[in-house]
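Okay, so here's the structure we're looking at.
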Amino acid sequence: MFTVQDGNATTPTETTTFANSGITAFDIEYWDGTSWKIIPGGSISGNNLVWRKISFAALSTNKIRLIIRGSKSGDFSRVIEMEAYANGVNVAAKANGGSVRASSEYLDASDNIIHGQQTHIAEIATTTGTAYLWMADRWGSRPDGIKGHDFQYWSSPLVFNADGSIQKLSFELGLNYAVNDKKQLVINATQQQSVQILILNVSGIQLLSKHVETDANIPVEIDLPFSKGVYIVVIGTAEKKYATKFIL
């Protein structure tokens, strides 16, 4: 496992350390055909090595994963590269048939895909208490090529299990939206369905609630009689919903 170096990057050795932004705690796991298991010696804490190597007896698996539990900077999971060797061959390399997915797009049979790098959990005060929104940067999403204009993904309020863990996020609705120059929210759908639209300000106060019926490839236009600012749109069906922000 290779994490980010301090300053200008050089070819690391097994004794190269970091002080600023590398990952300090992580688990390396393998799939045993039924569930994920930590490899022997694969639960690491207090790490300060740029290149962390773990040796263990051979295991048979078709996938491995790296779970980040801590970083020096306390914000992002800065992983540069992960390699897995068997008999001197990096079986995780693309040239040897390996492929990789980040947690923001990893899925199993029950998941949908949320493309984004987690930034933080936002606490939003509402009339019924505090709601928690998962937030992520969607790198490379800007249509104008300006890095600062990348979109963010904001989840609907997170739902917690009894043990405190967060229930899985899902947002694939066959819908997409845009805000046009007429200050209208334009909803495009790939199928006929009933959709509930909510507009909130950044304090979580509901400003607009509207129910619409969509048809495939027929846009729905909703006027936005608001002043300039940042708003949250929540789009949902009877089964699922997702939220993100837009700027007027």
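For the sequence shown, my numbering assigns the number 239 to the last residue and increments by one with no breaks.
From the three backbone atoms N, C-alpha and C, an ideal C-beta is built for every residue, glycine too.
This structure is a prediction, so every number in the text was calculated from the model and none was measured.
Pairwise C-alpha distance: residue j and residue i
| i | j | result |
| --- | --- | --- |
| F151 | A122 | 11 Å |
| A116 | V70 | 34 Å |
| Q183 | F9 | 54 Å |
| N78 | I238 | 54 Å |
| S218 | K174 | 10 Å |
| A48 | G155 | 35 Å |
| D172 | S36 | 51 Å |
| V41 | S90 | 22 Å |
| N(-1) | T7 | 13 Å |
| D141 | K236 | 12 Å |
Bounding residues of the beta strand (DSSP E) (the contiguous stretch that carries residue i)
| i | result |
| --- | --- |
| I45 | Unbroken run through I45: none, as it is neither H nor E. |
| N179 | 175 to 180 |
| S185 | 184 to 192 |
DSSP-derived helix/strand/coil call for residue i
| i | result |
| --- | --- |
| A169 | strand |
| D99 | For D99, the predicted structure reports a pLDDT of 40, less than 50, and the residue's modelled location is therefore unreliable. A value from the coordinates is still provided. The answer is coil: DSSP assigns D99 none of H, G, I, E or B. |
| K85 | helix |
| V(-5) | coil |
| E204 | strand |
| F142 | strand |
Contact under 9 Å by Cβ, residue i with residue j
| i | j | result |
| --- | --- | --- |
| V170 | T228 | no |
| V211 | I190 | no |
| I44 | E5 | According to the sequence as given, residue 44 is Lys; it is not Ile. Result yes, Cβ atoms of K44 and E5 sit closer than 9 Å. |
| F(-7) | P3 | yes |
| I55 | I14 | no |
| R129 | Q143 | yes |
| N192 | V221 | yes |
| T118 | I196 | yes |
Residue i, buried or exposed, once every other Cβ within 10 Å from all chains shown has been counted against 16
| i | result |
| --- | --- |
| N38 | buried |
| I250 | Nothing can be reported for residue 250, as the shown portion of the chain is limited to -8 through 239. |
| I223 | buried |
Cβ-heavy atom distance, residue i to the ligand SAH, below 8 Å
| i | result |
| --- | --- |
| T15 | With respect to the ligand SAH, the structure offers nothing, as it holds no ligand at all. |
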